[in-house]
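The numbering used here numbers the first residue of the sequence shown as 2 and each following residue consecutively. For each residue, glycine too, the CB sits at the ideal point set by N, CA and C. Quantities reported herein were computed from a predicted structural model and do not represent experimental measurements. Structure record follows, encoded as C-alpha cells.
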Amino acid sequence: MQMNFQTLNDILPFQIEKNPGAVACSANDRTYSFQLLEQHVNRIGNALLRLGIQSGDRVACLTKHHIECLMLSLAACKIGAVCMPVNWRLAAPEIEYIVNNGEARFLMVDAAFLPVVEQAKLPGVLRTVCTENAVDAVPGFESWSAGADADLVAVPAGPDDAALQLYSSGTTGLPKGVVLSHRGLLSTCSTCAEEWVFQGDSILGNPLPTFHVAGMTMLLLPLYTGGRTVTFPDFDPSGFIDSVGHHGITHAFLVPAMLQFMLNAPNAEAGNYQSLRLISYGGSPISERVLKDAMRVFKCGFLQVYGLTEVSGPATFLRPEDHQPGGERSYLLRSAGKPIGAAGLRIVDPGTLDDAPDGEVGEVWIETVRNFKEYWRNPKATAEAFPEGRNERGGWFRSGDAGYLKDGYLFIHDRVKDMIISGGENIYPAEVENVLMQHPDVADGAVFAVPDNTWGEAVKAAVVLRPGVTLTEKELIAFMRERLAHYKCPKSVDFAEALPRNPSGKLLKRVLRAPYWEQRDRLVS
C-alpha cells in the first residue's frame with residue numbers, strides 16, 4: 002500500500018480528512034480518535050516550543066506507555082525535533098550515557114522510573130515531566146501541555162530528514178544512536194501494509210516496547226493505513242489472549258518468548274482467535290516446537306521477520322505460504338525468508354569483501370531506502386557500516402550478522418559480532434564484559450549465548466578468578482545487577498582455570514559456546 006506521504010507529518014491530516022472520528026489507538030480504558038490524537042500532538046509540540054526546543058533538538062522518553070511516546074514522537078517531528086525512546090530497563094549510568102550522548106533537552110518519564118532517573122546526571126535536560134500525574138516537583142505530561150494551543154503548523158521537512166533516534170549497542174560496549182529518516186519509516190509502513198494486508202479495517206495488537214524499532218513502527222503502521230492500534234504497556238499472556246477476542250485484533254507482532262507464554266497460559270486453548278489473520282514474529286531465536294504449537298493453537302497465518310534497527314525494522318520476511326511444518330518445505334522454518342520492499346541482499350566474505358557463492362556463510366549486507374541516516378555524532382562508525390559508500394537506494398549496509406543464501410532464502414548462521422538475543426533484547430558481550438572485569442576478584446572473563454527454552458538465548462559468563470580469592474556465582478551476578486540492566490546480566494557462571502585462546506591471545510568464544518549448542522541450532526530471526 003503506497004500512500005503519497007513525504008514525511009510522518011502528512012499522516013494525521015490525511016486520516017482526519019478521511020474520517021476524523023475513527024479510532025486511531027487505545028490503551029486500557031483510553032481511546033483516541035485521529036482528530037483527538039492530533040490535538041494532543043499539537044499541544045505537546047507547542048509546549049515544547051514554549052520550553053525552547055528547536056529544530057534538530059532531541060527529546061527523550063522513558064516510558065511503557067505507547068500512546069504518550071507516539072504523541073511525543075509526532076509532536077517532535079512537527080517542530081523539526083527528534084524523539085529518542087530510551088530503554089526503561091536500563092540502570093542509571095546507562096540512561097545517563099544515552100540521554101547525554103543524544104543531547105536530549107526534554108525528558109518524559111514514568112513515575113515508576115523516576116527514582117532511577119534521579120540517580121543520573123542530566124545537565125542538558127531543560128524539563129522532566131511525568132507520563133502520568135505530577136510527582137512532587139515533576140509535572141504531569143498532560144497538565145504540562147494542557148494550556149498550549151491545539152493548532153500547530155508543521156515546520157517544512159523532507160523525506161530524508163531525521164524522524165526518530167533509537168539506541169543500539171555496539172561491539173565497543175557503548176550504545177550508538179541510530180538516526181532513522183521519514184523515508185525509511187514510511188517505507189517500512191508501506192511494505193508491512195502491503196505484505197501483511199493491513200488495511201483500514203485492521204486492528205493491531207502491539208505489546209512491544211517503544212525503545213525497539215518494531216514497537217515504534219507498529220505504532221506508525223495503523224496510522225499509515227487508517228487502521229487501529231491496541232497497545233499493551235505490560236504484557237500479560239492471558240490478558241492478551243482475551244483482548245484478541247474482545248477487540249477483534251486482526252494482526253499482532255510478538256517475540257517468540259511471548260508466543261511461548263501465551264501457549265502456556267490457562268486460557269490458550271479456549272481463546273477466541275476468529276478475528277486473527279496474521280501473527281508476525283521475530284527479534285529472537287524460536288524453536289520449531291513453539292512455532293508448530295502456535296500455528297496449531299492460534300490458527301492464523303504466521304510470518305517471520307528478520308530485521309535490524311539500522312534498516313528501520315524489517316529486511317526479510319518468511320511469508321505464511323512458507324510455513325509448512327511437516328511438509329517438503331519444512332526446512333524453510335529455519336530460514337529468515339526473502340528480502341522485502343525492493344531491498345537488496347548479499348552475502349559477503351568479511352575478509353575479502355567479495356560476494357560469497359550460494360550456500361557459503363558470510364556477512365549479510367542489505368541495500369534499502371530504509372537504511373538508517375547515520376550513527377549520531379559518530380561519522381567513523383557510519384562510514385564503517387557502509388564500506389562501499391551510499392547511493393540513491395540507501396547503500397550496502399553490513400549487518401554484522403552471518404548467514405547464507407539457499408534458493409533465494411536467507412538463513413542466519415550466527416552473529417559476526419557475537420551478539421546475544423534474549424527475549425527480543427539485543428545484548429552485546431563487550432558491554433557486559435566491561436562490567437564483569439570491574440569486579441576486583443575477576444582475572445579474566447567472557448560472556449556468550451547459551452540456549453534457553455523460554456528466552457531463546459541466555460547470557461552465560463566464563464570467569465577466571467584471581468589467585469587465593471573466593472567468589473560465588475550468586476555474588477558475582479549480584480555485583481553485575483547493581484551496574485547493568487538485569488536482562489543483560491549472566492544467568493549462570495562457569496569458573497575455569499583459564500579461558501581458551503589462540504596463540505596470538507585472541508579469545509575463542511566458539512570453544513566456550515560449543516558444548517551448550519551440541520545437537521541444537523540457533524534459530525535466529
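Residue pairing by DSSP places residue 373 opposite no residue, since no beta bridge is assigned to it.
Around the beta carbon of residue 491, a 10 Å sphere encloses 16 or more other beta carbons of the protein chains shown; the residue is thus reported as buried. If you draw a 10 Å sphere on the C-beta of residue 380, you find fewer than 16 other C-beta atoms in it, and that means exposed.
If you compare the alpha carbons of 340, 474 and 443 with that of residue 408, the shortest gap goes to 340.
Looking at the DSSP output, residue 445 shares a beta bridge with 465. Nearest neighbour of residue 88 by Cα position, chosen from 71, 110 and 68, turns out to be 110. With a cut-off of 8 Å on Cβ pairs, the stretch 55–63 is in contact with the stretch 90–104, counting three or more such pairs. Taking all protein chains in view, the Cβ of residue 202 is surrounded by fewer than 16 other Cβ atoms within 10 Å, so the residue is classified as exposed. With contacts defined as CB atoms closer than 7 Å, residue 223 and residue 457 fail to qualify as a contacting pair. Within the stretch 338–411, the complete alpha helix (DSSP H) segments of 4 residues or longer fall at 380–386, listed in chain order. Cβ-Cβ distances below 8 Å link residue 39 to 13, 14 and 17 in the same chain, with the five nearest sequence neighbours on each side left out; the list follows chain order.
In its chain, beyond the 5 residues on either side, 112, 139 and 141 have a beta carbon closer than 6 Å to the beta carbon of residue 131.
Residue burial is scored here from C-beta neighbours: residue 399 has at least 16 other C-beta atoms within 10 angstroms and is therefore classed as buried.
Under the three-state reduction of DSSP, residue 126 is assigned to coil, being neither helix nor strand. Distance from the CA of residue 221 to the CA of residue 10, rounded to the nearest whole angstrom, comes to 11 Å. Residue 106 is classed as buried because its beta carbon has at least 16 other beta carbons within 10 Å across all chains shown.
For residue 509, there is no enclosing alpha helix (DSSP H), since its DSSP letter is neither H nor E.
In this structure, residue 268 lies near residue 239, with their beta-carbon atoms less than 7 Å apart. Under the Cβ criterion (8 Å, minimum of three pairs), the stretch 319–327 counts as touching the stretch 289–296. Per DSSP, the beta bridge partners of residue 318 are 306 and 339.
In this structure, DSSP gives residue 166 an extended state, which the three-state scheme calls strand. Taking the C-beta atoms as reference points, residue 426 is found nearer than 7 Å to residue 488.
Cα atoms of residue 261 and residue 255: separation of roughly 10 Å, rounded to the nearest angstrom. By the Cβ-count criterion, residue 30 is exposed, with fewer than 16 other Cβ atoms from all chains shown falling within 10 Å of its own Cβ. In the pairwise beta carbon analysis, the stretch 458–471 is classified as touching the stretch 429–443: at least three pairs are separated by under 8 Å. For residue 56, the closest C-alpha among the options 44, 72 and 76 is that of 76. The alpha-carbon separation between residue 300 and residue 271 amounts to approximately 12 Å. Annotation for residue 484: 92, 94, 436 and 439 place their beta carbon closer than 8 Å to its own, counting only its chain and skipping 5 residues before and after. Residue pairing of residue 432 in beta bridges, as defined by DSSP: absent, with no partner found.
If only uninterrupted beta strand (DSSP E) runs of at least 3 residues are considered, those enclosed by the stretch 245–311 are 252–255, 279–283 and 302–309. Assigned with DSSP and collapsed to three states, residue 113 falls in helix. Cβ neighbours of residue 46 within its own chain (closer than 6 Å, five residues either side excluded): 76, 79, 80 and 153. Between the alpha carbons of residue 518 and residue 52 lies a distance of about 54 Å. Looking at the DSSP output, residue 452 sits in a beta bridge with 458. If you compare the alpha carbons of 369, 431 and 364 with that of residue 353, the shortest gap goes to 364.
DSSP, read as helix, strand or coil, puts residue 86 in strand.
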